[in-house]
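Asker: The following block contains the structure, expressed as structure tokens.
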Amino acid sequence: MKSINEIQPSRRAFLGLTLGGLATAAAVRPASAQRVQTKARIVIIGAGAAGTSLANRLVGRLDGAEITILDPSTEHLYQPGLSLVAAGLKPASYTQSNTADWLSKGITLIPEAAAAIDPVAKTVSTSGAQTFAYDFLVVAPGLVLDHDAIEGFSLDLVGTNGIGALYPGAQYAAKTWEAASKFTEDGGVGIFTRPATEMKCAGAPLKHAFLIEDIATRTAGAGKHEMHYASNNNSLFGLPIVSEKVRMLFEDRGITPQYSHVLKAIEPGRKIATFATPEGDTEMGYDYLHVISPQRAPDVVRQSGLSWADKWTDQGWVEVDQQTLRHLRYPEVFALGDVAGVPKGKTAASVKWQVPVVEDHLIAAIEGREGNAVYDGYTSCPLMTRVGRAMLVEFDYHNNLTPSFPGIIAPLEELWISWLMEEVALKATYNAMLRGKA
Ligand SMILES: Cc1cc2nc3c(=O)[nH]c(=O)nc-3n(C[C@H](O)[C@H](O)[C@H](O)COP(=O)(O)OP(=O)(O)OC[C@H]3O[C@@H](n4cnc5c(N)ncnc54)[C@H](O)[C@@H]3O)c2cc1C
Numbered sequence: 012m013k014s015i016n017e018i019q020p021s022r023r024a025f026l027g028l029t030l031g032g033l034a035t036a037a038a039v040r041p042a043s044a045q046r047v048q049t050k051a052r053i054v055i056i057g058a059g060a061a062g063t064s065l066a067n068r069l070v071g072r073l074d075g076a077e078i079t080i081l082d083p084s085t086e087h088l089y090q091p092g093l094s095l096v097a098a099g100l101k102p103a104s105y106t107q108s109n110t111a112d113w114l115s116k117g118i119t120l121i122p123e124a125a126a127a128i129d130p131v132a133k134t135v136s137t138s139g140a141q142t143f144a145y146d147f148l149v150v151a152p153g154l155v156l157d158h159d160a161i162e163g164f165s166l167d168l169v170g171t172n173g174i175g176a177l178y179p180g181a182q183y184a185a186k187t188w189e190a191a192s193k194f195t196e197d198g199g200v201g202i203f204t205r206p207a208t209e210m211k212c213a214g215a216p217l218k219h220a221f222l223i224e225d226i227a228t229r230t231a232g233a234g235k236h237e238m239h240y241a242s243n244n245n246s247l248f249g250l251p252i253v254s255e256k257v258r259m260l261f262e263d264r265g266i267t268p269q270y271s272h273v274l275k276a277i278e279p280g281r282k283i284a285t286f287a288t289p290e291g292d293t294e295m296g297y298d299y300l301h302v303i304s305p306q307r308a309p310d311v312v313r314q315s316g317l318s319w320a321d322k323w324t325d326q327g328w329v330e331v332d333q334q335t336l337r338h339l340r341y342p343e344v345f346a347l348g349d350v351a352g353v354p355k356g357k358t359a360a361s362v363k364w365q366v367p368v369v370e371d372h373l374i375a376a377i378e379g380r381e382g383n384a385v386y387d388g389y390t391s392c393p394l395m396t397r398v399g400r401a402m403l404v405e406f407d408y409h410n411n412l413t414p415s416f417p418g419i420i421a422p423l424e425e426l427w428i429s430w431l432m433e434e435v436a437l438k439a440t441y442n443a444m445l446r447g448k449a
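Just so we're aligned, residue 12 is where the sequence shown starts under my numbering, counting upward by one.
Below is the structure:
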């Protein structure tokens, strides 16, 4: 099989184009791209990062296909920007745009949720009681945050009583900054958490801790804050080398790791958080608590019979081949983005490398041949460690670091250029990806 890197220019070239201006980004389309005549009915669930990008690429490759995309949300959320909003560095509007504005002509947007999937009958029913038959189905509804799993927590608490939660969306990220900024000014005990499930952008909880520590130290001065990072296991990041680097940075910055501490309950009135630990439950008082709820596939997916039966059974990720993202039991079904049941890849950067793989296999299936593109697990996260400094951490399924700029940007160094990747280049790259141009 050919690697996806062989059918597209290197990541380095892509990022170079991005930084050099997106006008030339169309040049990264596969040279072999030709419009294929077909009457195939393609249904895509979710017009987020993955669904939108794929739909826009397919419409450029196929002639005569019926491409239907389902999404009840009129707002497209640029989620990597939430970390900047929650640190007071961008307004909420930085992350918000209209879903429909990203979709090219030739794509039919149905503003309804997929409510039921029948992979045997090959139909999807919607919240508006419509039913769509498909020849190919792409499942890309992202994931859901299970707030009820944390006793005492609900979204209306965000921004009050020292509680932050930047994952649920733009307004919550802005409210998170309200609570966090009070902490940076007043001082006290800050606790930063992450869930024990798989999660999107596992760097985001760390980024929030680092940025708030940096701002707190600049605002109130050193010594006024006691900060804890509650990790779900005995490491701080999935890659041992990155975990060790984060541990060293935490040590320098006075952030205490609390290993194997999983948030299970809060008492907002008393400002007490309860953590499950291997030694039993333990309570910690806080002045600021950042909550990230457990993450699971949406119910429509979990009830569809498309999930893994023997892995992630409490989370329901879709059972796909990790190299092709094709369903292992229903070959006309693919999963993309956060919902895909693969060991890595819940980032927008992963989506950028997953989408051309699904495009390749789907078009090959239409043409009655085998596709050859491979997704290698590429995942990336510009890990912001201070305002103005980040580490550009990139890796694959095998935990290999896969730097885009070897010899130029060291992945484990805190650099201004890596900060620019997150603050400036990432959104431009993301937007080009949405348009199907990258
Ligand atoms: C705080 C935070 C920081 C992040 N930082 C980074 C970063 O720095 N770098 C990076 O690469 N990635 C980052 N990510 C991750 C990245 O945003 C996601 O991995 C990416 O958006 C996943 O794309 P997706 O299409 O799978 O899901 P989404 O983009 O979430 O889109 C899913 C879409 O499906 C729709 N939907 C849901 N249910 C249904 C249904 N039943 N029927 C129809 N439609 C449905 C939703 O409305 C949504 O539009 C971050 C995420 C967060 C939350």
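Note that the Cβ used here is the ideal one computed from N, Cα and C, for glycine as well. All of these numbers come straight from a predicted model, not from anything done at the bench.
CB of Val149 to nearest heavy atom of ligand 1: below 7 Å?
Answerer: No, the beta carbon of Val149 sits no closer than 7 Å to any heavy atom of ligand 1.
Asker: In this structure, what does DSSP give as the bridge partners for Val149?
Answerer: Note: Val149 sits in a beta bridge opposite Ile55, Phe345.
Asker: Is it the case that the Cβ atoms of Trp427 and Gly382 are separated by a distance below 8 Å?
Answerer: No. Outside cutoff.
Asker: Using 10 angstroms around the beta-carbon of Gly232, count the other beta-carbons present and answer buried if the total reaches 16, otherwise exposed.
Answerer: Looking at its Cβ environment, which holds fewer than 16 other Cβ atoms inside 10 Å, Gly232 is exposed.
Asker: Distance, Cα to Cα, Ala34 vs Phe194?
Answerer: Annotation note: pLDDT 27 at Ala34 (below 50); position unreliable, coordinate value reported separately. Each residue's Cα considered, the two are about 43 Å apart.
Asker: Could you tell me the alpha carbon to alpha carbon distance between Pro41 and Lys101, rounded to whole angstroms?
Answerer: Residue confidence is low: Pro41 scores 49 on pLDDT, short of 50, so the model does not pin down where it sits. Its coordinate-derived value is still stated next. Each residue's alpha carbon lies about 35 Å from the other.
Asker: Is Gly447 buried or exposed, if buried means 16 or more other CB atoms sit within 10 Å of its CB?
Answerer: So Gly447 counts as buried.
Asker: Can you name the start and end residues of the beta strand (DSSP E) that Ala120 belongs to?
Answerer: According to the sequence provided, residue 120 is Leu. The question's Ala does not apply to it. 118-121 is the span of the beta strand (DSSP E), which, as asked, contains Leu120.
Asker: Under 7 Å from any heavy atom of ligand 1, does the C-beta of Val350 make it?
Answerer: Answer for Val350: yes, Cβ within range of ligand 1.
Asker: Hey, would you say the C-beta of Gly201 is under 7 Å away from at least one heavy atom of ligand 1?
Answerer: No, the Cβ of Gly201 stays beyond 7 Å of every heavy atom of ligand 1.
Asker: Secondary structure at Ile78, three-state DSSP: helix, strand or coil?
Answerer: Of the three classes helix, strand and coil, the one that applies to Ile78 here is strand, per DSSP.
Asker: May I ask whether a heavy atom of ligand 1 can be found less than 7 Å away from the beta carbon of Ile283?
Answerer: Incorrect: Ile283 has no Cβ contact closer than 7 Å to ligand 1.
Asker: Would you kindly work out how many angstroms separate the C-alpha atoms of Ala36 and Ala439, rounded to a whole number?
Answerer: Summary for Ala36: the model assigns pLDDT 33, below 50, so the residue's position carries little reliability; its value from the coordinates is reported in the next sentence. Approximately 11 Å between the Cα atoms of the pair.
Asker: Assign Ala439 to one of three DSSP states: helix, strand, or coil.
Answerer: If DSSP states are grouped into helix, strand and coil, Ala439 belongs with the helices.
Asker: To the nearest angstrom, how far is the alpha carbon of Gly249 from that of Asp325?
Answerer: In a straight line, the C-alpha of Gly249 is about 20 Å away from that of Asp325.
Asker: Does the distance from the CB of Leu217 to the CB of Leu431 come in under 8 Å?
Answerer: Going by C-beta atoms, Leu217 is not nearer than 8 Å to Leu431.
Asker: Would you mind stating whether Gly327 and Val312 have Cβ atoms separated by less than 8 Å?
Answerer: In contact: Gly327 and Val312 (Cβ atoms closer than 8 Å).
Asker: Where in the region 353-398 do unbroken runs of the beta strand (DSSP E), each at least 3 residues long, occur, reported from the N-terminal end onward?
Answerer: Within the region 353-398, the complete beta strand (DSSP E) runs of at least 3 residues are 390-397.
Asker: Count the other CB atoms within 10 Å of the CB of Val96; is the residue buried (16 or more) or exposed (fewer)?
Answerer: When all chains shown are included, Val96 counts as buried.
Asker: Can you give me the Cβ contacts of Ala160 inside the same chain, cut-off strictly under 6 Å, excluding the 5 residues immediately before and after it?
Answerer: If we look at Ala160 and ignore the five residues flanking it on each side, its Cβ neighbours are Pro305.
Asker: Going by DSSP in three states, Gln107 sits in which element: helix, strand or coil?
Answerer: Gln107: strand per DSSP, three-state reduction.
Asker: Any heavy atom of ligand 1 within a distance shorter than 7 Å of the CB on Pro279?
Answerer: Incorrect: Pro279 has no Cβ contact closer than 7 Å to ligand 1.
Asker: Taking the C-alpha atoms as reference points, what is the distance between Pro251 and Ile420?
Answerer: Approximately 20 Å between the Cα atoms of the pair.
Asker: Once you ignore the five residues that flank Val155 on each side, which residues in its own chain have a CB closer than 8 Å to its CB?
Answerer: Same-chain partners within the cutoff: Gln306, Arg307, Ala308, Pro309, Asp310.
Asker: In the DSSP assignment, what residue or residues form a beta bridge with Pro5?
Answerer: A query on residue 5 cannot be resolved here, the shown segment of the chain reaching from 12 to 449 and no further.
Asker: So, using beta-carbon positions, are Leu300 and Ala284 closer together than 8 Å?
Answerer: In this structure, Ala284 lies closer than 8 Å to Leu300 by Cβ.
Asker: Do the region 205-212 and the region 109-126 touch if we need at least three Cβ pairs shorter than 8 Å?
Answerer: Contact between the region 205-212 and the region 109-126 is absent, because fewer than three Cβ pairs lie under 8 Å.
Asker: Closer than 8 Å is the cut-off here; do at least three beta carbon pairs connect the region 400-410 with the region 74-82?
Answerer: The answer is no - the region 74-82 does not touch the region 400-410, with fewer than three Cβ pairs under 8 Å.
Asker: Which value, in whole angstroms, describes the spacing of the CA atoms of Thr134 and Val54?
Answerer: Between Thr134 and Val54, the C-alpha separation is close to 9 Å.
Asker: Measure the beta-carbon distance from Ile377 to Thr49 and round it to whole angstroms, keeping in mind my assumption that it falls under 8 Å.
Answerer: About 5 Å; that satisfies the 8 Å criterion.
Asker: Do Pro417 and Val404 have their C-beta atoms within less than 8 Å of each other?
Answerer: Not closer than 8 Å, so no.
Asker: For a test of your reading of the model: does the CB of Leu431 fall under 7 Å from any non-hydrogen atom of ligand 1? Yes or no.
Answerer: Leu431 Cβ: outside cutoff for every heavy atom of ligand 1.
Asker: Lys322: buried (16+ other C-beta within 10 angstroms of its C-beta) or exposed?
Answerer: It is exposed - the Cβ of Lys322 has fewer than 16 other Cβ atoms within 10 Å.
Asker: According to the Cβ coordinates, are Ala61 and Val366 closer than 8 Å?
Answerer: Closer than 8 Å, so yes.
Asker: Within 7 Å: the Cβ of Lys355 and any heavy atom of ligand 1?
Answerer: Answer for Lys355: no, Cβ out of range of ligand 1.
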